[in-house]
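Residue numbers (the working numbering): 24 to 406. Note that beta-carbon positions come from the ideal geometry of N, C-alpha and C, so glycine has one too.
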Ligand code: PMP
Ligand code: GLN
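Here is the structure:
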């Protein structure tokens, strides 16, 4: 169709997200899809049973703007038990349509034209476009392989009176690294006497191996300036439900909800009821680290004898594979070629760097059934 109106794009540099692109390609070529992060196995039947129960019961109209109270109460209990921080269900907890929407609402609520937002690259792809739509400028701190440590001296240099926000993410997508207690204490010290706010993207809080999850909630001064974001999709194997939540002190939640109420008004009601019941079964999230550690190890086992260089992921359900001993092709081209020719889809890491730095790394999702991982391992070992 011709374009009847001359439009100036608000996001001229933003392509279709790599997750959509690679999943479509995997489907087109019938490849094993280890690109976009989602499980290929079912969630708990109990969760489905609860969902059907509440739909049949008639919980099918709008939820309250901030989310149903029983779910917010369960979340408050969990935050207190796991991280020792009290959030009031009425004023400090909001149910969202997934982590993505929580992040978008938080950025939009507090960022203005001229503000600077510190992002750590490789950065999850939804952060920068939201910042740019607010007329603010993403400022990047680069994390480099193999360990992707944050250079806090660099952060200190970048902090100034324009710094409105920092977005941190641990366990980290796409690298699978985690922030340590030292990182958190350093950040806390750096931000003293600044008016910078934090979004802490903790959607992988339970998918962490042999480390303690260093939530901002464990650090009072950090928690007091943070929106903390979670995703039920990741924790309960239901990414398609698109439900999550945001914890933030009342003064931040007040602003958050002003955006949230006009962005979506409220999130899916029957699913909120189902989750409010299911959250009482703590085992479901307490055993998640073990569950995914076994999958990571199974995947690594299946790669024995391959030509990849591997640093095992400390968290998330993503494993980076360094293919530099195999080829020097750009990662974006290789991800496409292997989807078509080998039959396995992955995510190129360079897309998460603003300068598209190519360290010859592909990201593979191991939230898959053992049969899928065996097949994937066999294909990757043949390369
Ligand atoms: N942050 C990170 C780091 C993610 O990997 C994802 C993808 N799950 C999200 C946020 C978004 O979560 P949701 O699917 O609940 O929107
Ligand atoms: N978070 C998922 C990933 O990193 C993708 C979510 C999405 O497709 N937007 O693969």
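- Between residue 177 and residue 164, the C-beta spacing is below 8 angstroms.
- Contact check between the stretch 137–145 and the stretch 155–164: three or more CB pairs, one atom from each, fall below 8 angstroms, which counts as touching.
- The alpha-carbon of residue 193 is positioned some 6 angstroms away from that of residue 225.
- Beta-bridge analysis with DSSP links residue 342 to 387.
- By alpha-carbon distance to residue 258, the top candidate from 306, 234, 358 and 186 is 306.
- Two segments are said to touch when three or more pairs of C-beta atoms, one from each, lie closer than 8 angstroms; by this definition the stretch 285–298 touches the stretch 73–90.
- For residue 188 against residue 219, the beta-carbon gap comes to about 6 angstroms, under 8 angstroms, which counts as contact.
- Judged by the Cβ position, residue 196 qualifies as a neighbour of the ligand GLN at the 7 angstroms threshold, a heavy atom of the ligand being closer than this.
- Excluding residues up to 5 positions away in sequence, 293, 296 and 297 lie with their Cβ nearer than 7 angstroms to the Cβ of residue 77 in the same chain.
- Residue pairing by DSSP leaves residue 311 without any beta bridge partner.
- Assigned with DSSP and collapsed to three states, residue 144 falls in strand.
- Across the set 95, 134, 135 and 109, the C-alpha of 95 shows the shortest separation from the C-alpha of residue 119.
- Here residue 134 really is in contact with residue 159; their C-beta atoms are around 5 angstroms apart, less than 8 angstroms.
- Per DSSP, residue 359 has no beta-bridge partner at all.
- Under the rule that a run must span 3 or more residues, the beta strand (DSSP E) segments found entirely inside the stretch 120–167 read 139–144 and 160–165.
- If you look at residue 77, you'll find it in the alpha helix (DSSP H) that goes 68–80.
- Put simply, the backbone Cα of residue 242 is about 18 angstroms away from that of residue 227.
- For the pair of segments examined, the stretch 275–284 was found not to touch the stretch 232–241: the number of CB pairs separated by less than 8 angstroms stays below three.
- Contact annotation: residue 389 and residue 314 have beta-carbon atoms that are not nearer than 8 angstroms.
- A direct Cα-Cα distance of roughly 15 angstroms separates residue 381 from residue 369.
- Each of 40, 91, 365 and 384 was checked against the Cα of residue 373, and the nearest Cα belongs to 384.
- Proximity to residue 206 across 190, 222 and 173 peaks at 173, based on C-alpha coordinates.
- Shown here for residue 316: same chain residues with a beta carbon closer than 6 angstroms to its own, the five before and five after excluded, namely 232 in chain order.
- Only exposed fits residue 350, as fewer than 16 other CB atoms lie within 10 angstroms of its CB.
- In this structure residue 56 is in contact with residue 46, their Cβ atoms being roughly 6 angstroms apart against a cut-off of 8 angstroms.
- Distances taken from the Cβ of residue 43 to the heavy atoms of the ligand PMP include none shorter than 7 angstroms.
- In summary, residue 24 is exposed, with fewer than 16 beta-carbon neighbours lying within 10 Å of its beta-carbon over all protein chains present.
- In the DSSP assignment, the residues bridged to residue 254 are 267.
- Between the ligand PMP and residue 268, a heavy atom-to-CB distance of less than 7 angstroms is absent.
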